[in-house]
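Beneath this line is the structure, given in C-alpha cells, with notes to follow.
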Amino acid sequence: MIPWLQLDTARVPGADVQLRLMQRGAEFSMRLGQNELMSSRLSGSEEALATLACRRIEAVKSPHLLIGGLGMGFTLRAALAVLGSDARIMVAELVPAVIAWARGPMADIFGDSLDDPRASIREADVVDVLRPGGVLAVWSSGPNPLFSKRLRAAGFDVNEVAVRATTKRSGARHVIWFATKP
1 MIPWLQLDTA
11 RVPGADVQLR
21 LMQRGAEFSM
31 RLGQNELMSS
41 RLSGSEEALA
51 TLACRRIEAV
61 KSPHLLIGGL
71 GMGFTLRAAL
81 AVLGSDARIM
91 VAELVPAVIA
101 WARGPMADIF
111 GDSLDDPRAS
121 IREADVVDVL
131 RPGGVLAVWS
141 SGPNPLFSKR
151 LRAAGFDVNE
161 VAVRATTKRS
171 GARHVIWFAT
181 KP
C-alpha cells in the first residue's frame, strides 16, 4: 500500500486549526485534524451541489453563482459544465494556501477551470461576498438537524437533499441544503 505523504499545511484564518494537504499516488486528500474534508476520489456530492444549484437558476439569462470554498474544484468544474457563456462564477476561498494548491500540486485535478473567463477566485470569507436574492446551497458530509433549524430560524425556506459521495449509485451519502428567502 502506498503511504500518505503530507505535502503542506495551512492555518485556517480565525481558527486554531491546521488544514493539511495529503497525497498518496495520484490521490489527494484535505484534512482538518483526523477528519478528511474531501478527497480527489470522491467528487459526486460536490458535483451534485453545483448541478442541483444550477438547475434552480437555469431560467436566469446571465446567472451569477457564488461558491463558498474552492476545495478540489469539483463544484467549480461542474458549474462551468452546466452554465452557459453568459454565466459568472465567483469562488470565495478563505484559506490562501488552497488557491496555491489548486495551481500547484493539484493543477491536474483543476484542469483549465481556473483559467475559464467565466470564473474568478477571490481570497475572502464567503460571508463577505454573499449576494442578495439568490439560492444558498451548502454541502456537508452528513446530516445536521440543528443547521436546518438555524436556517429556518433565519427566515429561509429549506430543502435538504441526500446525494451520493461518488458518481455511482452506491456508497456514502452527503447532504446538500438549499435555502431561499421567500
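In terms of the working numbering, the sequence shown is residues 1 to 182. The C-beta atom is built at its ideal place from N, Cα and C for all residues, glycine as well. Just so you know, these numbers come straight off a predicted model, no measurement behind them.
Q) Under a three-way DSSP split, which group does R103 fall into? A) helix
(Q) The alpha helix (DSSP H) that contains F156, what's its start and end? (A) F156 -> no alpha helix (DSSP H), and no H or E assigned at all.
**Q.** Enclosing alpha helix (DSSP H) for R55 [first to last residue]
**A.** G44 to R55
(Q) Does L21 pass the burial test, meaning 16 or more other C-beta atoms within 10 Å, or should it be called exposed? (A) buried
Q) Looking at C-beta atoms only, is the number of pairs between the stretch 43-61 and the stretch 74-83 that lie closer than 8 Å three or more? A) yes
Q.
Considering only the alpha carbon of each residue, which of R24, S43 and L66 lies closest to G134?
A. L66
Q.
If you reduce the DSSP assignment to three classes, tell me which class A119 lands in.
A. strand
Q.
According to DSSP, simplified to helix, strand and coil, what is I176?
A. strand
Q. Does the distance from the C-beta atom of V98 to that of R122 stay below 9 Å?
A. no
Q: Helix, strand or coil for I2, going by three-state DSSP, please let me know.
A: coil
Q | Any beta strand (DSSP E) of 3 or more consecutive residues that is wholly inside the stretch 64-105 | A | 64-68 and 88-93
Q. Do the stretch 109-117 and the stretch 5-24 meet, that is, are 3 or more Cβ pairs less than 8 Å apart?
A. no
Q. Buried or exposed: L94, going by 16 or more other Cβ atoms within 10 Å of its Cβ?
A. buried
Q.
To the nearest angstrom, how far is the alpha carbon of G68 from that of D125?
A. 8 Å
Q | Per-residue DSSP class, three states only, for V138 | A | strand
(Q) Pull the bridge partners of A10 from the DSSP assignment, please. (A) L19
Q. Once you ignore the five residues that flank L5 on each side, which residues in its own chain have a CB closer than 6 Å to its CB?
A. Q23
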